[in-house]
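Undergrad: In the numbering used here, each residue carries its 1-based index in the sequence shown increased by 104.
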Amino acid sequence: MANVDTDMIIPKQFLKTLKRTGLGKALFHTLRVDPKTGDPTDFVLNRAPYDKAKILVVTGENFGCGSSREHDFGIQTVIAPSFAEIFKTNSMQNGLLPVVLSPEACQLLYNDAQAQLELEVDLDKLEVRRPNGQAAISFEVEPFRRHCLLNGLDDIGITLQKGAAIEAFEERRSSTWPWLDGFGYAKGGGRVDAPAVKARGKKMDWADCAEI
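1. With H, G and I counted as helix, E and B as strand and the rest as coil, what does DSSP make of ILE61?
2. From the DSSP output, in three-state form, read off PHE248 for me.
3. Does DSSP put VAL182 in a helix, a strand or coil?
4. Could you check whether VAL232 and LEU213 sit closer than 8 Å to each other, using their CB atoms as the reference points?
5. Candidates GLU224, ALA152, LYS140 and THR110: which alpha carbon is nearest PHE132's?
6. For the beta strand (DSSP E) containing LEU160, name the first residue and the last one.
7. Nearest to VAL182 by alpha carbon, out of SER278, VAL225 and GLN265?
8. What are the uninterrupted segments assigned as beta strand (DSSP E) that are 3 or more residues long and contained completely in the segment 215-241, given in chain order?
9. Between which two residues does the alpha helix (DSSP H) harbouring LEU201 extend?
10. Looking at the unbroken alpha helix (DSSP H) that takes in MET196, where does it start and where does it end?
11. Out of curiosity, what's the CA-to-CA distance linking ASP215 and LYS229?
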């Protein structure tokens with residue numbers, strides 16, 4: 105199936121919460137639950153062993169199009185011919201690995217999954233290993249993103265790694281350009297508050313500019 109959008113992945117009615125947990129039941133809800141009876145359907149993620157899957161293989165193009173939603177079902181890797189760019193970027197920031205492979209490679213892996221054969225994704229070696237000794241399939245990931253995923257780093261974690269450099273910059277900036285901190289310094293080195301700025305009482309026009 106091509107163009108699987110984010111409303112199909114997680115319908116909008118399940119997003120009326122600030123929590124990012126407990127949303128696994130909403131994944132592909134329109135496909136997993138009969139709208140008339142409310143009973144589970146025969147959708148693949150309702151069937152063992154796929155209900156415990158860590159890898160999702162998609163054969164259609166443009167997976168994850170639509171608004172940005174990256175919530176957790178337990179899937180750690182999605183393999184597809186292509187992804188919507190915002191979904192791909194945000195997935196990596198949330199620890200989900202999107203793997204882009206050719207349609208032919210995706211079909212091979214899909215056939216393996218249909219036969220209940222176990223697949224393994226090795227981010228360190230950048231390859232998808234197939235069962236029964238078949239040749240592994242290589243993939244590419246931007247080096248920086250790969251580093252973050254391998255080390256469990258999000259944007260906050262990356263920033264904290266640079267804490268010492270940030271602190272040194274802040275000290276250097278305050279020393280060199282103290283007015284940027286909203287105060288000045290007396291000759292003796294003591295800090296003095298900057299005076300409040302007095303607003304002009306009348307509307308400025310072009311003639312006023314010559315007086316400034």
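Note that the Cβ used here is the ideal one computed from N, Cα and C, for glycine as well.
In this text, all values refer to a predicted model and were calculated from it rather than measured experimentally.
TA: Answer, in terms of the structure:
1. Past the boundaries of the shown model lies residue 61; the chain is included only from 105 to 316, so the question cannot be answered.
2. Helix.
3. Taken through DSSP and simplified to helix, strand or coil, VAL182 comes out as strand.
4. Yes; because the gap between Cβ atoms is below 8 Å, this pair is in contact.
5. Ranking GLU224, ALA152, LYS140 and THR110 by Cα distance to PHE132 puts THR110 first.
6. Counted as a single uninterrupted DSSP element, the beta strand (DSSP E) harbouring LEU160 occupies residues 159-161.
7. Cα-wise, what sits closest to VAL182 is VAL225.
8. Entirely contained in the segment 215-241, the beta strand (DSSP E) runs reaching 3 residues are, in chain order, 224-226 and 231-233.
9. For LEU201, there is no enclosing alpha helix (DSSP H); the enclosing beta strand (DSSP E) covers residues 201-204.
10. From DSSP, the alpha helix (DSSP H) with MET196 extends over 189-197.
11. One detail in the question is off: residue 215 reads as Asn in this sequence, not Asp. If you take the alpha carbons of ASN215 and LYS229, they lie about 23 Å apart.
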